[in-house]
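Asks:
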Amino acid sequence: MSGIAAAVDLGAEYAEDLEYDGFAFLCFRLYYLLAYGKWYRSEYTEKQRQPTVKAAREQLSEWTLR
Numbered sequence: 000m001s002g003i004a005a006a007v008d009l010g011a012e013y014a015e016d017l018e019y020d021g022f023a024f025l026c027f028r029l030y031y032l033l034a035y036g037k038w039y040r041s042e043y044t045e046k047q048r049q050p051t052v053k054a055a056r057e058q059l060s061e062w063t064l065r
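Just so you know, numbering that gives the first Met the number 0 puts 49 at position 50 of the sequence shown, and the rest follows in order with no gaps.
#1: The alpha helix (DSSP H) with R28 in it runs from where to where?
#2: If contacts are defined as beta-carbon pairs under 8 Å, then A8 and Y35 qualify, I think. What distance do you get, rounded to the angstrom?
#3: By a C-beta neighbour count over all protein chains shown, 10 Å radius and 16 as the cutoff for buried, is Y19 buried or exposed?
#4: Please work out which residues of its chain come closer than 8 Å, Cβ to Cβ, to P50, disregarding the five sequence neighbours upstream and downstream, and give them in chain order.
#5: Would M0 and F27 qualify as a contact pair, given that the criterion is a beta-carbon distance under 8 Å?
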């Protein structure tokens with residue numbers, strides 16, 4: 000984990016497949032915060048959540064209109 004954090008701090012990207020593992024990603028983010036004082040923002044999962052959230056909001060608005 001320390002090697003990945005060092006690489007990310009030097010400009011490498013965090014592995015996409017590891018970002019989908021919620022527990023591993025949380026551990027990495029917490030380690031990165033403690034070691035480097037920076038909160039790592041997700042690159043891949045954040046992009047996927049937006050359409051899902053948007054679809055959920057649209058569905059919720061349809062239910063409230065009924």
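Glycine included, each C-beta is placed from N, C-alpha and C at the ideal position.
Replies: From the atom records:
#1: Boundaries of the alpha helix (DSSP H) harbouring R28: 21-35, taken from the DSSP string.
#2: A quick correction: the sequence has Asp, not Ala, at residue 8. About 5 Å separates the two Cβ atoms, so the contact holds.
#3: Exposed: under 16 other Cβ atoms inside 10 Å.
#4: Its pLDDT being 49, under 50, P50 is placed unreliably in this model, and the coordinates cannot settle the point.
#5: With contacts defined by Cβ atoms closer than 8 Å, M0 and F27 form a contacting pair.
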